[in-house]
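Colleague:
Residue numbers (this note's numbering): 806 to 1065.
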């Protein structure tokens, strides 16, 4: 029961926080958006549990979200540490609710039909893992490379100012959201390959992207730009492999279905 509640609560949190609003807490002093968002999170978590008696869950999540998001919104320019701390505390709340509520509930999910209950837990585990790998990974990697991006941008501005060429350089710029979409796709592919247990294909994926990225060396890219791309790529791969194999371990750890 504890595993089921944890998977359900994480599902509600990930869907509401990252799929519906891209991991950004409501900003500003107005409590209206924060309360509406907290109600959505609590309702999704309660619906995902499938257990009517688990009413303390939406109450706890609603109160926790209002308090945490209110504290977070007081910071006008929340940085990486504040964002990470916010979601770590949310994770602690989810874990605590899963443990406390499970003690007072019987395993009554779907009228106690164990095979269907386990199948639902498997769906929740895959959903949680996919959202964590693709969407949370986008937020974490994107925020982690910000210092490198700033340093690279400063170098490019300095080169532009000191350039004595009368002919303006053409900017080497791709699609505005190209890197984000590529990262999400590569993590999604890694997640799928891990679940079907094809690690060799992951190696080919890494090799293929590395060849494409190293092609930038011959197109005038600076050393910092190349290192920035490699750092982001390796961060993305590392995060995807970690979350994907964690999901696989959770799927294997779910209780087996008893025979008739």
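Using N, Cα and C, we set each Cβ at its ideal position, and we do this for glycine too.
What did DSSP end up calling residue 980 once you bin it into helix, strand or coil?
Modeller: Position 175 of the chain shown, counted from the first residue, corresponds to residue 980. Residue 980 falls in the coil class under three-state DSSP.
Colleague: Just to confirm, are residue 1044 and residue 939 a CB contact at a threshold of 8 Å?
Modeller: Here residue 1044 is taken as the residue at index 239 of the chain shown, counted from 1. Here residue 939 is taken as the residue at index 134 of the chain shown, counted from 1. Not in contact: residue 1044 and residue 939 (Cβ atoms no closer than 8 Å).
Colleague: Hey, out of 948, 894, 878, whose CA is closest to residue 837's CA?
Modeller: On the chain shown, position 32 is the one that residue 837 refers to. The candidate whose alpha carbon is nearest that of residue 837 is 878.
Colleague: Please state the DSSP three-state secondary structure of residue 991.
Modeller: Along the chain shown, read from residue 1 onward, the residue named residue 991 stands at position 186. Helix.
Colleague: Pairs of beta-carbons, one from the segment 983-996 and one from the segment 923-930, closer than 8 Å: are there three or more?
Modeller: They do not touch, by the three-pair rule.
Colleague: How long is the line joining the alpha carbons of residue 899 and residue 1036, rounded to whole angstroms?
Modeller: Locating residue 899 in the chain shown gives position 94, where the first residue counts as 1. Locating residue 1036 in the chain shown gives position 231, where the first residue counts as 1. Their Cα atoms are separated by approximately 32 Å.
Colleague: With a 10 Å radius around its C-beta and 16 neighbouring C-beta atoms as the bar for buried, classify residue 858 as buried or exposed.
Modeller: Your numbering for residue 858 matches position 53 in the chain shown. With fewer than 16 Cβ atoms within 10 Å of its Cβ, residue 858 is classed as exposed.
Colleague: From 950, 1001, 823, pick the residue whose C-alpha is nearest to that of residue 782; which is it?
Modeller: It is not possible to answer for residue 782, since the shown part of the chain is limited to 806 through 1065.
Colleague: Please confirm whether residue 991 and residue 1016 have their CB atoms less than 8 Å apart.
Modeller: Within the chain shown, residue 991 is the residue found at index 186, counting from 1. Within the chain shown, residue 1016 is the residue found at index 211, counting from 1. Not closer than 8 Å, so no.
Colleague: Which word fits residue 810, buried or exposed, when buried means at least 16 other C-beta atoms lie within 10 angstroms of its C-beta?
Modeller: The residue labelled residue 810 in the question sits at position 5 within the chain shown. Buried.
Colleague: Taking the straight line between their C-alpha atoms, what separation do you get for residue 853 and residue 906?
Modeller: Taking the first residue of the chain shown as 1, we reach residue 853 at position 48. Taking the first residue of the chain shown as 1, we reach residue 906 at position 101. For residue 853 and residue 906, the distance between alpha carbons rounds to 15 Å.
Colleague: Which residue from 944, 1040, 958 puts its Cα closest to that of residue 884?
Modeller: The count along the chain shown starts at 1 and reaches residue 884 at position 79. Checked all of 944, 1040, 958; the closest Cα to residue 884 is 944.
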